[in-house]
Amino acid sequence: MNIQVYKNYEAMSLAAANLLAAQVRLKPTSVLGLATGSTPIGLYRELIRQHQTADLDFSRVRTVNLDEYLGLAPDNPQSYHYFMREQLFSGINLQPENCHFPDGCAADFDQETDRYDQLCRELGIDLQILGIGRNGHIAFNEPADTFPVPTHVVDLTPSTIEANRRFFERAEDVPRKAITMGLGAIMSARRILLLAAGEEKAEAISYLKQGKADPQVPATILLLHTNVTCLVDEAAASRL
Ligand code: PGA
Numbered sequence: 093m094n095i096q097v098y099k100n101y102e103a104m105s106l107a108a109a110n111l112l113a114a115q116v117r118l119k120p121t122s123v124l125g126l127a128t129g130s131t132p133i134g135l136y137r138e139l140i141r142q143h144q145t146a147d148l149d150f151s152r153v154r155t156v157n158l159d160e161y162l163g164l165a166p167d168n169p170q171s172y173h174y175f176m177r178e179q180l181f182s183g184i185n186l187q188p189e190n191c192h193f194p195d196g197c198a199a200d201f202d203q204e205t206d207r208y209d210q211l212c213r214e215l216g217i218d219l220q221i222l223g224i225g226r227n228g229h230i231a232f233n234e235p236a237d238t239f240p241v242p243t244h245v246v247d248l249t250p251s252t253i254e255a256n257r258r259f260f261e262r263a264e265d266v267p268r269k270a271i272t273m274g275l276g277a278i279m280s281a282r283r284i285l286l287l288a289a290g291e292e293k294a295e296a297i298s299y300l301k302q303g304k305a306d307p308q309v310p311a312t313i314l315l316l317h318t319n320v321t322c323l324v325d326e327a328a329a330s331r332l
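Here our numbering runs 92 ahead of the position in the sequence shown, where the first position is 1.
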């Protein structure tokens, strides 16, 4: 795995944005897999800047997001739909009909998970952005005895619920379940950028150096992918 260490969060975000911008310029119809969370915010800010000042054009780009909380509608300020609108979509020229999410309010989750996997297959993800959880999760693929392959509904682990607590006013408001793209669709992406910043990610990142795919650290499945670039700041690299 190609691991690139940057001095700080800003440098890491700029490098990630430049890779993503190059992808879009080389293939204006690119399918981008997008992530939520604190980590990609700097990357999204830089993409907005490049859209506004350097003609980076998203008009023909399609996007698939990794996950959504169960029971949160797209207009709920805590939903990932809302996050993406606030942090990226409102600042660039993506067409709303080209932005896809798993539906956290689906009437039938069996159908919804199948629909999302089929959509990802049909679109074909060119470049997937990933963050990583403190417990090594990617999207909401939590540590387990086996790697979860299809899109699925997941019970979030106590450590993930605790990490998400900072975005909610009251602990009891933090959703306990989510619908997440599985590792099958993620691994089908042609290229993957994994981003991590901060000391609290150092342990999870250190497992990527051990060379063994272990479902208790879901991100280690990326060791089996041939085109992953891991961009980290010095703090996240401190245990490499
Ligand atoms: P974060 O979350 O970017 O907010 O740290 C990443 C993740 O849990 O996947």
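Where is the CB? At the ideal position from N, CA and C, for every residue including glycine.
Fair warning: this is a prediction, and the values are worked out from it, not measured in the lab.
Kindly indicate which three-state DSSP category Cys191 falls into: helix, strand or coil?
DSSP places Cys191 in strand when its eight states are reduced to three.
If you draw a straight line from the alpha carbon of Val324 to that of Leu219, how long is it in whole angstroms?
Just so you know, the alpha carbons of Val324 and Leu219 end up roughly 18 Å apart.
So, helix, strand or coil for Thr205, using DSSP?
Correct three-state label for Thr205: helix.
Taking the C-alpha atoms as reference points, what is the distance between Pro310 and Leu118?
Taking the straight line joining both Cα atoms gives about 31 Å.
DSSP three-state call for Gly196: helix, strand or coil?
Three-state DSSP puts Gly196 in coil, outside helix and strand.
Tell me which same chain residues have a C-beta within less than 8 Å of the C-beta of Asn256, skipping the five on either side of it?
Leu248, Val266 and Pro267.
Between which two residues does the beta strand (DSSP E) carrying Leu286 extend?
First-last of the beta strand (DSSP E) with Leu286: Arg283 to Ala288.
Inter-residue spacing [alpha-carbon to alpha-carbon] between Leu285 and Thr321
Cα to Cα, the separation comes out at about 5 Å.
Given 8 Å, three or more beta-carbon pairs between the region 202-210 and the region 176-187
Cβ pair count under 8 Å is below three, so no.
His244: CB within 8 Å of a non-hydrogen atom of ligand 1
His244: no, Cβ never under 8 Å from ligand 1.
Spatial neighbours of Gly163 within its chain, please: CB distance less than 8 Å, with the 5 preceding and 5 following residues excluded, ordered by chain position.
Contacts found: Gly196, Cys197, Pro267 and Lys269.
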